[in-house]
Amino acid sequence: MQTIKTTCLVIMIIAYIFAGANHFRSPDGYIKIIPPYLPYPQLLNMLAGVFEITFALMLIFPATRQLAAWGIILMLIAFMPVHIYMLQNAPMKMGGLTVTRAIALIRLPLQAVLIAWAWWVGK
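Here full-length UniProt numbering is used: the first residue of the sequence shown is 1, the next is one more, and so on.
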């Protein structure tokens, strides 16, 4: 079981580093999916990238792993308006990807899986 948990942890670290970096490499795709009622979409996009990378790096160290996991959980909850906005406005472009209604419907409950995953690696 420990090998599975370590593998899942490494995958999570890599995924959040790449996702966070992508906020800076391809910001337009992320900015388009930020609901218009949220102010400063460019800043929100950059903060999301910084937090994703920071939490990923914090996951590496056992001393900060639990804090990072809770940070990821809170971040995923904070991202919920984006997923709801995508569902309400599908289809919409996110960079080179067209988010269809089906994709948006999958992404919303997927957040619960990601939250559970973060909680598990943080235990």
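Yeah, the Cβ is synthetic: ideal placement off N, Cα and C, and Gly gets one too.
Considering only C-alpha positions, which residue in the set the options is nearest to residue i?
| i | options | result |
| --- | --- | --- |
| alanine 19 | Thr3, Phe51, Pro39 | Phe51 |
| leucine 57 | Ile34, Ala15, Tyr40, Val113 | Ala15 |
| isoleucine 77 | Ala102, Gln66, Lys93, Pro109 | Pro109 |
| isoleucine 31 | Pro41, Phe24, Arg25 | Pro41 |
| threonine 6 | Pro62, Ile53, Pro27 | Pro62 |
In chain order, what residues of the same chain lie with their CB nearer than 8 Å to the CB of residue i, ignoring the 5 residues before and after it?
| i | result |
| --- | --- |
| phenylalanine 79 | Ala48, Gln111 |
| alanine 104 | His83, Met86, Leu87, Ala90 |
| isoleucine 17 | Glu52, Ile53, Ala56, Leu57 |
Whose C-beta lies closer than 6 Å to the C-beta of residue i among residues of the same chain, with five residues either side of it excluded?
| i | result |
| --- | --- |
| glycine 71 | Phe55 |
| histidine 23 | Tyr30, Asn45, Ala48, Gly49 |
Report the CB separation of residue i from residue j in whole angstroms; it is logged as a contact under 8 Å.
| i | j | result |
| --- | --- | --- |
| alanine 21 | isoleucine 53 | 7 Å |
| field | Inside the region 70-95 only - alpha helix (DSSP H) runs reaching at least 4 residues | value | With a minimum length of 4 residues, the continuous alpha helix (DSSP H) runs that stay inside the region 70-95 are 80-89.
| task | Would you check if the region 30-44 and the region 64-82 touch, i.e. whether three or more CB-CB distances between them fall below 8 Å? | result | yes
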